[in-house]
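What follows is a single structure, written as structure tokens, with notes after it.
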Amino acid sequence: APAGIVGFIGNEAVAVFRIRVGREMNSAALIADGYHARTDGLTSLAVVLGALGVWMGFPLADPIIGLLITLAIFGIVWQSARAVITRSLDGVEPGINEQIYHAAEHVGGIERIVDVKSRWLGHKLHTDLVISVDPSKSLTEANAIAASLRRELKGHLPSLGNATIQFDDFGVEAAPRAHDHGHDHHHAPDPFKVESEIATGLLEIVDTAGGERMRFSIRKHERGLKAVVEIKRPDHVETLPLVASPDDHHSLQSTVAPAEPHEFDAILRLSSDEGSIDLPFRMEEPDGHRH
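Set out below in structure tokens:
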């Protein structure tokens with residue numbers, strides 16, 4: 012019995028030390044090793060308690076205490092295994108991203124965080140952020156906002172090793188995107204800004220490798236989004252279903268080119284699992300390019 016008590020105290024001391032140092036270093040492996048030492052200590056304690064129960068005249072004390080200690084060990088193993096497996100799969104604790112959003116609230120000039128991806132590399136946290144700022148701001152001003160955000164992130168997350176911050180270019184590059192593939196097409200109508208509960212984004216006519224297409228670049232949307240453009244022509248209605256790009260589900264595009272002229276009244280029909288809405292709009296070609 013004395014040996015069991017000494018074994019429990021010694022293993023628990025080692026466990027507390029390893030867990031504390033592991034948390035300071037953000038080492039999931041060292042923390043798991045500390046929990047391993049704790050299970051060894053519980054095993055020693057089970058022997059002592061079982062022997063004490065039998066000595067007091069309770070022969071079932073040994074198996075009962077053994078089962079209880081086994082359940083405790085299972086709980087400890089699950090806790091440590093979950094942390095190690097999460098990190099091995101590039102996962103992070105739920106509170107990490109909440110801290111990132113909280114840090115961004117302390118930085119002026121950030122309209123919203125578009126995307127956050129965080130992961131552990133060794134003992135250091137690495138995060139990739141996409142933020143939205145006022146498009147009218149200069150590059151110098153935008154970089155100053157990013158630098159302020161990095162300082163806030165470091166203050167909220169001492170384990171942060173690196174923060175890669177990119178700017179959401181939505182809307183900034185919208186007009187030039189019609190020339191992505193080098194086609195000599197310089198009279199695309201101004202894009203239509205879509206603002207609705209179902210989806211927000213930009214609807215425009217762009218040049219692609221396969222020719223002109225109607226493209227809906229989505230900023231945010233509800234689940235199950237579908238989009239159709241109906242163009243009112245003098246003698247008929249031209250229907251252009253927009254389908255998701257295989258490389259980017261935030262981009263819906265027609266499979267055929269919209270007919271000329273590119274000056275028309277139309278309706279963008281949006282539907283999702285939550286409902287539907289019709290958004291009327293008009294596209295006009297720039298002066299000097301009308302057909």
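The numbers in the sequence shown follow this note's numbering, run straight up by one, and end at 302.
Quick reminder that beta carbons are idealized off the backbone N, C-alpha and C, glycines included.
Only a predicted model underlies this, so the values are computations on that prediction, with no experimental measurement involved.
8 Å Cβ cutoff met for residue i and residue j
i: His113; j: Asn37; result: no
i: Ile30; j: Gly18; result: no
i: Ile76; j: Gly61; result: yes
i: Ser170; j: Leu132; result: no
i: Glu233; j: Glu285; result: yes
i: Ile111; j: Thr138; result: yes
i: Ala155; j: Leu164; result: no
i: Ser129; j: Val95; result: no
Among the options, nearest to residue i - alpha-carbon criterion
i: His167; options: Ile142, Asn108 and Asp126; result: Asn108
i: His207; options: Ala174, Ser170, Ser282 and Pro245; result: Before going on, a small fix: residue 207 reads as Ser here, not His. That would be Ser282, whose Cα lies nearest to the Cα of Ser207.
i: Thr97; options: Glu274, Gly68, Met67 and Ala43; result: Ala43
i: Glu215; options: Glu152, Gly68, Ile84 and Val240; result: Val240
i: Leu253; options: Thr219, Leu236 and Lys243; result: Leu236
i: Ala24; options: Leu53, Leu71 and Ile288; result: Leu53
i: Val217; options: Val127, His273, Lys165 and Glu249; result: His273
i: Pro146; options: Asp179, Ala238, Glu35 and Thr219; result: Asp179
i: Pro13; options: Ala72, Ala57, Ser256 and Pro70; result: Ala57
i: Phe275; options: Val248, Ser287 and Leu71; result: Val248
i: Leu315; options: Ala238, Pro257 and Lys148; result: Absent from the structure is residue 315, since the part of the chain shown begins at 12 and ends at 302.
i: Ala92; options: Phe292, Gly172, Leu41 and Asn22; result: Leu41
i: Asn22; options: Val32, Ile242, Ala48 and Pro70; result: Ala48
i: Thr219; options: Ser256, Val127 and Ile242; result: Ser256
i: Leu292; options: Val125, Gly221 and Leu213; result: Contrary to the premise, residue 292 reads as Phe rather than Leu in this sequence. Out of Val125, Gly221 and Leu213, Leu213 has the C-alpha closest to the C-alpha of Phe292.
Buried or exposed (CB count within 10 angstroms, at least 16 for buried), residue i
i: Gln90; result: exposed
i: Thr50; result: buried
i: Pro187; result: Since pLDDT at Pro187 reaches only 37, below the 50 mark, its modelled position is unreliable, and no value is offered.
i: Gln177; result: exposed
i: Met294; result: buried
i: Val27; result: exposed
i: Leu79; result: exposed
i: His197; result: The predicted position of His197 is uncertain, since its pLDDT is 44 and thus under 50; a value taken from the coordinates is nonetheless stated next. His197 comes out exposed.
i: Ser55; result: buried
i: Pro245; result: exposed
i: Pro8; result: A question about residue 8 goes unanswered here, because the residues of the chain that appear run from 12 up to 302.
i: Leu279; result: buried
i: Ala210; result: buried
i: His192; result: Confidence at His192 is low in this model, with a pLDDT of 41, below 50, so the placement of that residue should be treated as unreliable; the coordinate-derived value is given next. With fewer than 16 Cβ atoms within 10 Å of its Cβ, His192 is classed as exposed.
i: Gly106; result: exposed
i: Gly33; result: buried
Whole-angstrom C-beta distance between residue j and residue i, which should lie under 8 Å
i: Glu223; j: Ala277; result: At roughly 15 Å, the Cβ-Cβ gap does not stay under 8 Å, so Glu223 and Ala277 are not in contact.
i: Gly15; j: Val59; result: 4 Å
i: Val141; j: Glu122; result: With 8 Å as the limit, Val141 and Glu122 do not qualify as a contact, their Cβ atoms being about 12 Å apart.
i: Pro200; j: Glu271; result: In fact, because the Cβ distance is near 12 Å, the residues do not count as touching under 8 Å.
i: Leu290; j: Val205; result: 6 Å
Closer than 8 Å is the cut-off here; do at least three beta carbon pairs connect the stretch 106-121 with the stretch 150-168? Yes, the stretch 106-121 is in contact with the stretch 150-168.
The stretch 226-236 contacting the stretch 250-267, beta-carbon criterion three pairs below 8 Å: At 8 Å Cβ cutoff, the stretches touch.
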